[in-house]
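Participant: Last residue of the sequence shown: number 761 in the numbering used here, and the count goes up by one each step with no gaps. Glycine included, C-beta positions come from ideal geometry on N, C-alpha and C. On a predicted model such as this, the values are computed, not experimentally measured, just so you know. My questions will all concern the structure given below.
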Amino acid sequence: MRKTGKNRIIAMILVVSMIIAMVPGMAFAMQVPTAPSKPEIAIGSTSAAAGDITLEETGTSEWGVANRDITFTLPANVTWAASPTVTNTGGTGLVIKDVSITAADVLTVKIAGDNGGIDKFKISNIKYAVGAGAATGDMTLTIATAGHADITTKNAKIVAGIAAAAVTKPDVTVGQNNQAAGNITFTESAAGLLNVDKTISITVPSGVTFYQAPQLTVAPTNSLEMYSNTGVLSNSNRTATWTIKTVSSGGGSVITVGSIAYNVGSSIAEGDIQATVATNDTEPINPTAVKNAKAVVTGQLTVTSTSTNIATGSNQAAGTVTITENAAGVLVADGTITVSTSGGVKFSAAPQAEVTNIALVSNTANLNAGYDQATFTLDGESSTKATIKIKDIILNVPSGTTGAVTVTLGGGAGVTGTKTIANISVSALATVAASSAPSISKNAASQPVGDITITEAAAGSLANANDITIGIFGDPLDVDKKTVLISGVPTVSVESGNINVGTVTLANNLITIDLAGDSTQASKIKISGLKYDVTNAAVNGNVLADVAYSTTRLGAVVNAVIGAKAAVFPDVPTTHWAASYIENLVAKGILAGYTDGTFKPSNTITRAEIAKMVAVAKGLGTATGSSFSDTSGHWAAGYIEAIKAAGYINGYPDGTFRPNNNITRAEIAKIVVLAAGFTIDTSGAGFSDIAGHWASDYILTAANKGVVGGYTDGTFRPSNNATRAEASKMVSVWVNM
25 MRKTGKNRII
35 AMILVVSMII
45 AMVPGMAFAM
55 QVPTAPSKPE
65 IAIGSTSAAA
75 GDITLEETGT
85 SEWGVANRDI
95 TFTLPANVTW
105 AASPTVTNTG
115 GTGLVIKDVS
125 ITAADVLTVK
135 IAGDNGGIDK
145 FKISNIKYAV
155 GAGAATGDMT
165 LTIATAGHAD
175 ITTKNAKIVA
185 GIAAAAVTKP
195 DVTVGQNNQA
205 AGNITFTESA
215 AGLLNVDKTI
225 SITVPSGVTF
235 YQAPQLTVAP
245 TNSLEMYSNT
255 GVLSNSNRTA
265 TWTIKTVSSG
275 GGSVITVGSI
285 AYNVGSSIAE
295 GDIQATVATN
305 DTEPINPTAV
315 KNAKAVVTGQ
325 LTVTSTSTNI
335 ATGSNQAAGT
345 VTITENAAGV
355 LVADGTITVS
365 TSGGVKFSAA
375 PQAEVTNIAL
385 VSNTANLNAG
395 YDQATFTLDG
405 ESSTKATIKI
415 KDIILNVPSG
425 TTGAVTVTLG
435 GGAGVTGTKT
445 IANISVSALA
455 TVAASSAPSI
465 SKNAASQPVG
475 DITITEAAAG
485 SLANANDITI
495 GIFGDPLDVD
505 KKTVLISGVP
515 TVSVESGNIN
525 VGTVTLANNL
535 ITIDLAGDST
545 QASKIKISGL
555 KYDVTNAAVN
565 GNVLADVAYS
575 TTRLGAVVNA
585 VIGAKAAVFP
595 DVPTTHWAAS
605 YIENLVAKGI
615 LAGYTDGTFK
625 PSNTITRAEI
635 AKMVAVAKGL
645 GTATGSSFSD
655 TSGHWAAGYI
665 EAIKAAGYIN
675 GYPDGTFRPN
685 NNITRAEIAK
695 IVVLAAGFTI
705 DTSGAGFSDI
715 AGHWASDYIL
725 TAANKGVVGG
735 YTDGTFRPSN
745 NATRAEASKM
755 VSVWVNM
């Protein structure tokens, strides 16, 4: 018995000794209770996401209450890309004192423990940079703290692949286009990872599109080459793709995608814009998404415009102006938005507005008397981001105008800026006119409308390398629903000159006239026999025929009116020979009736009245001064001075102007020729009663331009007093050229 007891005591001593000997090598201080996930990270990654790590002590007092440093050391050629997030997850009083990268490969977490329970913390949002020499396979991370044994864990798998990274992350404004984003790089961890005919791509999130195709560069090339360094856009301009032509050799290449610019939609939320990167090769890209821009809302308005090529003349269809809020309520309730023209350019009709998430008092602009300012009034504020698109901007562009046509925005709604809506590509190629604008009905087919004439400005202006097209223009006709259709191929003839017209076709509601040969004499083309089909969905109002030569609009002319055509004046019925001319000038603010509502078309017209008409038509306004002895204090003195300064009129030898005298047909012919800038043209048969007349050259020129006509007996009667109707025709034909 005594011997057995002694043996037991010896055995117990041995066990205790063994336990004591084992303590320094055992991980009593800390442990990783759950194995982390091991996502693949590619060699060359600069910010690759690794698995979260949870660390806990093995007893309630292993870490103690004093400050303790715990280090997390990465293997060779792997470094910390950024400080991760460290949180207390044990429910104890553990305090995270500090988290810092104390060496490129070492993260130090300073804690103060709580002896009342098991302390535990979690490290998340872990990002590694993986150098070219890193070993592939499971990546081992060493965890150490003073006085205790080191432990290890594995929270990533290093693979050969392509590392993706965003170089910068600039702010981009919500609701604006063409905003620079940060470059994106793709780094091969070894040569030949990107194979021939494989692709790499960048896709931006919904609501964001590429403004332009991004450009790619490779450094060092190491023989890596793309079929094109310009990205191929697809997926509604949300994806840019490049295809590998030759693989790299002698080391991995770094591919940099630059010239990245985004159109950021108004519905995008504030925050990082994350672009998805991908390859259809077997090698992985890591990470699969990078953040190369940050969307911000500025609480401002964005104003953009589109521009079209036009010529001088009347009814030129310009581009659009779009006003977009970057946040709700930026546009001020009851504020106004004004669109102003300059340089003598006038609106020929009131522009329309198309609105989203906001209301206007009227979607049709209010035009001022000078037809150079269109105003919209807001009817309340927006509750969500609003857009106002100003469209159907149809202009009268004076002869001799060149360059860009701009509009200036202003008013009480905080909308400012100058935008280009058209470019005059040529001073004049040809003029367009309509013979008439008859009334046509809804829900009826094959209704005859006015003929259209196209007159070359000079021989060869319309070259045979291009076609002439005629279509139906814009709202309120709702072209998308095809409410007005051209019902058949018209007859096209050459009225004067020797231009050669080829085939005429009708397709997709567009007439195409093939020019088969250049003219050697300025020519006039006539399109007759036009007929329109009108559905019941059409809106009452003017139908504009839009005439273009190649990409240049020659003009849009009214050659039909849907619904009953109301007379502008009770004494000028729609059947009056000058009704359309009078209506045109009234619509442009050039002419007005009497206070009793009549026009009195057969009345004579005075020299003062014609002076005002020409000054308004040319956009001259009024001028000060007194060039004549009998105009001071006269109601038209400012207009008379304006056209005198422009060189369009002269007075009498005695220094008078005689503003209340009736003006003759010859005098109007001269004024119109000078104001229009016509080159004197005395060709043609002329009239039997103008030989030797002082104004014969002006009369012949005006007749050759179609501005004036004679009587059935072949006379012009130059000394006859002109009527208000005759003056209306002369000025209307001129301003519509």
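In this structure, does DSSP put Ala669 in helix, strand or coil?
Facilitator: Helix, per DSSP.
Participant: Count the other CB atoms, across all protein chains shown, that sit within 10 Å of the CB of Ile704; report buried if there are 16 or more and exposed otherwise.
Facilitator: When all chains shown are included, Ile704 counts as exposed.
Participant: Taking the C-alpha atoms as reference points, what is the distance between Glu405 and Gly289?
Facilitator: Rounded to whole angstroms, Glu405 to Gly289 spans 20 Å at the Cα level.
Participant: Output the residue ranges of the beta strand (DSSP E) runs that lie fully inside the stretch 271-297 and measure 3 residues or longer, sorted by chain position.
Facilitator: Within the stretch 271-297, the complete beta strand (DSSP E) runs of at least 3 residues are 278-282 and 285-288.
Participant: Below 8 Å on the Cβ atoms is my guess for Ile523 versus Ile549; work out the distance and round it to an integer in Å.
Facilitator: Ile523 to Ile549, Cβ: 7 Å. Contact.
Participant: Over the uninterrupted beta strand (DSSP E) stretch that includes Thr628, give me the two end residues.
Facilitator: Where Thr628 is concerned, there is no enclosing beta strand (DSSP E), given that its DSSP letter is neither H nor E.
Participant: Just the Cα atoms here: how many angstroms apart are Val450 and Gly579?
Facilitator: Per-residue confidence for Val450 stands at a pLDDT of 47, beneath the threshold of 50, marking its modelled position as unreliable; no derived number is given.
Participant: CB-CB under 6 Å to Thr411, same chain, minus the five flanking residues each way: which ones, in chain order?
Facilitator: Correct list, in chain order: Thr348 and Thr380.
Participant: Just how far apart, CA to CA, sit Ser252 and Val271?
Facilitator: Using only the alpha carbons, I get a separation of about 14 Å.
Participant: Mind the definition here: the stretch 136-154 touches the stretch 105-115 only if three or more C-beta pairs lie below 8 Å; say whether that holds.
Facilitator: Touching, yes.
Participant: Leaving out the 5 sequence neighbours to the left and right, which residues in its chain are closer than 8 Å to Ala214 when beta-carbon positions are compared?
Facilitator: Within the same chain, Ala214 has close Cβ partners Ile67, Ala184, Gly275 and Gly276.
Participant: If you reduce the DSSP assignment to three classes, tell me which class Asp502 lands in.
Facilitator: Any reading at Asp502 must be qualified, since the residue scores a pLDDT of 46, below 50, and its modelled position is unreliable; no value is offered.
Participant: Name the residue from Val456, Gly512 and Leu218 whose alpha carbon lies nearest to the alpha carbon of Ile309.
Facilitator: Comparing Cα positions, the closest option is Leu218.
Participant: When we look at the beta-carbon of Ala602 and count the other beta-carbons within 10 Å, is it buried (16 or more) or exposed?
Facilitator: Classification of Ala602: buried, given that the 10 Å Cβ count is 16 or more.
Participant: Quick check: the Cα distance between Ile651 and Val759, rounded to an integer number of angstroms?
Facilitator: Sequence inspection shows Ser at residue 651; the Ile mentioned does not correspond to that position. Rounded to whole angstroms, Ser651 to Val759 spans 27 Å at the Cα level.
Participant: Evaluate contact between the stretch 315-332 and the stretch 386-405, counting only Cβ atoms and requiring at least three cross-stretch pairs below 8 Å.
Facilitator: In short, these stretches do not touch, since the Cβ pair count stays below three.
Participant: In the DSSP assignment, find the alpha helix (DSSP H) that holds Val759 and state where it starts and stops.
Facilitator: Taken as a continuous stretch (DSSP letters only), the alpha helix (DSSP H) holding Val759 covers Arg748 to Val759.
Participant: Following the continuous alpha helix (DSSP H) through Arg689, name the residue where it begins and the one where it ends.
Facilitator: Element bounds for Arg689: Arg689 to Ala700.
Participant: Any idea what DSSP makes of Val638, helix, strand or coil?
Facilitator: Val638: helix per DSSP, three-state reduction.
Participant: Could you pull out every residue in the same chain whose Cβ sits closer than 8 Å to the Cβ of Thr14, ignoring the five residues on either side in sequence?
Facilitator: For the chain, the structure presents residues 25 to 761; residue 14 sits outside this window and is missing.
Participant: Short check: CB of Glu249 to CB of Lys269, under 8 Å?
Facilitator: A contact, by the Cβ cut-off of 8 Å.
Participant: Ala160 by DSSP, collapsed to three states: which one?
Facilitator: What sits at residue 160 in the sequence shown is Thr, not Ala. In the structure shown, Thr160 sits in coil (DSSP, three-state: anything other than H, G, I, E or B).
Participant: Can you tell me the Cβ-Cβ gap for Ala180 and Thr95, rounded? I've got them flagged as a contact below 8 Å.
Facilitator: So it is not a contact: roughly 18 Å between Cβ atoms.
Participant: What is the residue span of the alpha helix (DSSP H) that Leu609 lies within?
Facilitator: Its alpha helix (DSSP H) spans residues Ala603 to Ala611.
Participant: Taking its Cβ as the centre, do 16 or more other Cβ atoms sit within 10 Å of Lys85, making it buried, or is it exposed?
Facilitator: It is Ser, not Lys, that sits at residue 85 in the sequence shown. Under this definition Ser85 is an exposed residue.
Participant: Where are the beta strand (DSSP E) runs, 3 residues long or more, that stay fully inside the stretch 294-357, in chain order?
Facilitator: Those beta strand (DSSP E) runs which fall completely within the stretch 294-357 and span 3+ residues are 295-303, 313-320, 325-329, 332-334, 337-341 and 345-349.
Participant: Rounded to the nearest angstrom, what separates Val39 and Ala53 at their Cα positions?
Facilitator: Residue placement at Val39 is flagged as unreliable, the pLDDT there being 45, under the threshold of 50; a coordinate-derived value is accordingly withheld.
Participant: Report the residue ranges of all beta strand (DSSP E) runs contained in full by the stretch 206-240; include only those spanning at least 3 residues, in chain order.
Facilitator: Correct list: 208-212, 223-227 and 232-234.
Participant: If you compare alpha carbons, which of Ile667, Asp358, Ala489 and Thr336 is closest to Thr455?
Facilitator: Closest option to Thr455, Cα to Cα, is Thr336.
Participant: Excluding sequence positions up to five away, which residues of its chain have a Cβ less than 7 Å from the Cβ of Ser720?
Facilitator: Closer than 7 Å at Cβ, skipping near neighbours: Ile714.
Participant: Can you have a look at Tyr676 and say buried or exposed, based on whether 16 or more other CB atoms are within 10 angstroms of its CB?
Facilitator: Answer is exposed; the Cβ neighbour count stays below 16.
Participant: Using the rule of at least 16 other Cβ atoms within 10 Å of the residue's Cβ for burial, across every protein chain shown, is Thr192 buried or exposed?
Facilitator: Looking at its Cβ environment, which holds fewer than 16 other Cβ atoms inside 10 Å, Thr192 is exposed.
Participant: In terms of alpha-carbon separation, which member of Ser386, Ala72 and Ala584 lies closest to Lys315?
Facilitator: Nearest C-alpha to Lys315: Ala72.
Participant: Assess contact between the stretch 522-537 and the stretch 429-445, defined as three or more Cβ pairs (one per stretch) separated by less than 8 Å. Is contact present?
Facilitator: The answer is no - the stretch 429-445 does not touch the stretch 522-537, with fewer than three Cβ pairs under 8 Å.
Participant: Span of the alpha helix (DSSP H) holding Leu724?
Facilitator: Unbroken alpha helix (DSSP H) run through Leu724: Ser720 to Asn728.
Participant: If I follow the unbroken beta strand (DSSP E) through Trp104, where does it start and stop?
Facilitator: Per DSSP, Trp104 belongs to the beta strand (DSSP E) from Val102 to Trp104.
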